[in-house]
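Structure first, commentary second.
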Amino acid sequence: MEGALVLGGGPAGAAAAIWLARAGRSVTLWERERLPAHRICGEFLSWEAQTFLADLGLDPEALGAVAIDRVRLVTARRVATARLGFTARSLTRRVLDAALLELAAKAGARVERGVTAREIGPGGEVQAAHGSVKPDTLFLATGKTNLRGAARDAEGTLNHQLGFKAYLRLAPAERAALAGHVELILFRGGYAGLQLVERDAANLCFLVSPDRWRACEGDFGALLADLSAEVPHLGQRLAGAVPLLDRPLAISGVPYGFLHRPSGAETLWRLGDQAAVIPSFSGDGMSLALHSARLATAALLTGQGPHAYHRQLAKDAGGAVRRATLLQRLSEEDALRDGAAALLALMPGLVGLAARFTRLSAGAVRRARLA
Numbered sequence: 038m039e040g041a042l043v044l045g046g047g048p049a050g051a052a053a054a055i056w057l058a059r060a061g062r063s064v065t066l067w068e069r070e071r072l073p074a075h076r077i078c079g080e081f082l083s084w085e086a087q088t089f090l091a092d093l094g095l096d097p098e099a100l101g102a103v104a105i106d107r108v109r110l111v112t113a114r115r116v117a118t119a120r121l122g123f124t125a126r127s128l129t130r131r132v133l134d135a136a137l138l139e140l141a142a143k144a145g146a147r148v149e150r151g152v153t154a155r156e157i158g159p160g161g162e163v164q165a166a167h168g169s170v171k172p173d174t175l176f177l178a179t180g181k182t183n184l185r186g187a188a189r190d191a192e193g194t195l196n197h198q199l200g201f202k203a204y205l206r207l208a209p210a211e212r213a214a215l216a217g218h219v220e221l222i223l224f225r226g227g228y229a230g231l232q233l234v235e236r237d238a239a240n241l242c243f244l245v246s247p248d249r250w251r252a253c254e255g256d257f258g259a260l261l262a263d264l265s266a267e268v269p270h271l272g273q274r275l276a277g278a279v280p281l282l283d284r285p286l287a288i289s290g291v292p293y294g295f296l297h298r299p300s301g302a303e304t305l306w307r308l309g310d311q312a313a314v315i316p317s318f319s320g321d322g323m324s325l326a327l328h329s330a331r332l333a334t335a336a337l338l339t340g341q342g343p344h345a346y347h348r349q350l351a352k353d354a355g356g357a358v359r360r361a362t363l364l365q366r367l368s369e370e371d372a373l374r375d376g377a378a379a380l381l382a383l384m385p386g387l388v389g390l391a392a393r394f395t396r397l398s399a400g401a402v403r404r405a406r407l408a
């Protein structure tokens with residue numbers, strides 16, 4: 038197969054296809070979903086993510102994105118609010134991904150929907166339902182989902198929790214109270230993110246321990262009730278809320294804290310969560326995805342190989358991933374959860390400091406854009 042093959046049509050894969058196609062390269066993108074679909078994602082677009090999207094020619098506001106400029110840290114006993122230091126945007130992945138894939142097709146990429154890669158062979162061949170292909174260049178951008186033959190090494194990562202996501206129509210008073218905020222809600226064995234997205238819906242995305250899920254007998258409604266009983270603020274937000282999906286989205290085994298370490302014989306270009314998985318509370322997952330796509334395509338177009346690309350990505354993102362992973366570990370300690378909220382209430386400026394230490398630096402973003 039001549040040219041590049043991109044596996045996955047999320048932000049990382051679509052952005053890579055756009056930049057390659059605009060540079061005149063032959064590129065094919067496989068997306069397993071036939072139609073736009075929801076993904077398990079906090080859907081928080083930081084300033085870094087918005088900068089890369091602007092470079093691609095996409096305006097989240099024009100797609101209905103919601104503005105967010107404050108954060109609330111919530112525990113069972115405390116609520117603390119602070120300014121983010123920038124204006125973020127919130128937009129569903131179904132809308133964002135569809136817009137990016139449309140841009141990829143307009144740029145000249147061949148976008149093939151409903152095609153699922155099943156395995157990557159040792160020689161770089163990709164197995165799919167319709168047969169096997171061996172592209173000149175292979176980009177792996179399958180998000181949080183592992184692909185046979187190219188699985189991430191989960192050793193030492195935080196991969197013990199279950200992830201859930203639901204869209205809700207909050208009661209009017211609760212929707213008004215949430216407006217402009219992302220709420221980070223800490224509880225025993227996990228945490229949740231709650232924010233508004235377009236069309237006045239609320240995205241509730243959270244991680245819980247398997248023990249808690251089993252204690253609720255695998256019942257999502259019972260799980261929400263259990264979390265609400267522990268954190269009254271969450272219970273208040275969810276009072277009278279109407280689910281907007283037939284059932285919540287769920288995932289397990291996500292290796293938070295994973296950072297790909299390149300080998301000398303690297304041939305595969307890993308993008309997004311296939312290269313680095315930063316804990317969700319940092320709000321930098323989509324930024325990292327777009328950053329990785331920019332670095333990888335720039336490296337390819339300038340004659341560098343995947344080894345050099347992965348080294349640069351590790352240099353840019355490694356510190357943020359490690360620090361965010363440490364904070365997630367600490368958040369599982371009961372005393373530290375309330376202590377963090379108390380400290381934030383006294384010193385709200387710490388939010389900006391924490392954000393800088395768990396996100397890509399402005400310098401790294403600037404260098405990637407100029408590459």
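Under the numbering used here, the first residue of the sequence shown is numbered 38, with each subsequent residue one higher. Glycine residues also receive a C-beta, built at the ideal position from the N, C-alpha and C atoms.
Under the 8 Å Cβ criterion, the region 264-280 does not count as touching the region 343-357, having fewer than three qualifying pairs. Non-local beta-carbon contacts of residue 179 in its own chain, meaning distances under 7 Å to residues more than five positions away in sequence, involve 44, 45, 311 in chain order. For residue 200, the uninterrupted beta strand (DSSP E) segment begins and ends at 199-206. In the structure shown, the three-state DSSP call for residue 106 is strand.
Here residue 167 is exposed, its C-beta having fewer than 16 other C-beta atoms within 10 Å.
Between the region 52-62 and the region 145-154, the count of C-beta pairs closer than 8 Å reaches three or more; the two stretches touch. Residue 106 and residue 392 have their C-alpha atoms spaced approximately 13 Å apart. A residue is called buried when at least 16 other Cβ atoms come within 10 angstroms of its Cβ; residue 130 meets this threshold and is buried. In the three-state reduction of the DSSP assignment, residue 55 falls in the helix class.
Annotation for residue 403: the continuous alpha helix (DSSP H) segment containing it runs 399-407. A straight-line Cα-Cα distance of about 25 Å links residue 281 and residue 68.
Taking C-beta separations shorter than 6 Å and ignoring five residues to either side along the sequence, the partners of residue 395 in its chain run 319, 357, 360, 361, following chain order. The region 114-134 makes contact with the region 78-90; the number of CB pairs closer than 8 Å reaches 3 or more.
Per the coordinates, the alpha-carbon of residue 74 lies some 9 Å from the alpha-carbon of residue 135. Excluding sequence positions up to five before and after residue 198, its CB lies within less than 7 Å of the CB of 227, 244, 245, 246, all in the same chain and listed in chain order. Taking the Cα of residue 72 as reference, the smallest distance to any Cα among 60, 47, 86 is reached at 47.
Between residue 101 and residue 236, the alpha-carbon positions lie close to 8 Å from each other. Beyond the five residues adjoining it in sequence on each side, residue 163 comes within less than 6 Å, by CB distance, of 154, 157, 170 in the same chain, given in chain order. Counting along the chain, no beta strand (DSSP E) covers residue 346; the unbroken alpha helix (DSSP H) around it starts and ends at 343-368. Exclusion of the five residues before and after residue 177 leaves 44, 45, 157, 184, 187, 305, 306, 307, 308, 311 as the residues of its chain whose Cβ lies within less than 8 Å of its Cβ. Straight-line spacing of the CA atoms in residue 58 and residue 138 works out to 12 Å. Of the residues 238, 172, 223, 182, the one whose Cα lies closest to the Cα of residue 203 is 238.
Classified as buried, residue 321 has 16 or more neighbouring CB atoms from the shown chains inside 10 Å of its CB. Per DSSP, residue 395 lies in no alpha helix (DSSP H) and is assigned neither H nor E. The closest CA to that of residue 231, considering only 334, 223, 240, is found on 240. With respect to the 7 Å criterion, residue 110 and residue 195 are not classified as neighbours on the basis of their beta carbons.
Selection 181, 173, 61 evaluated against residue 294 yields 181 as nearest (Cα-Cα).
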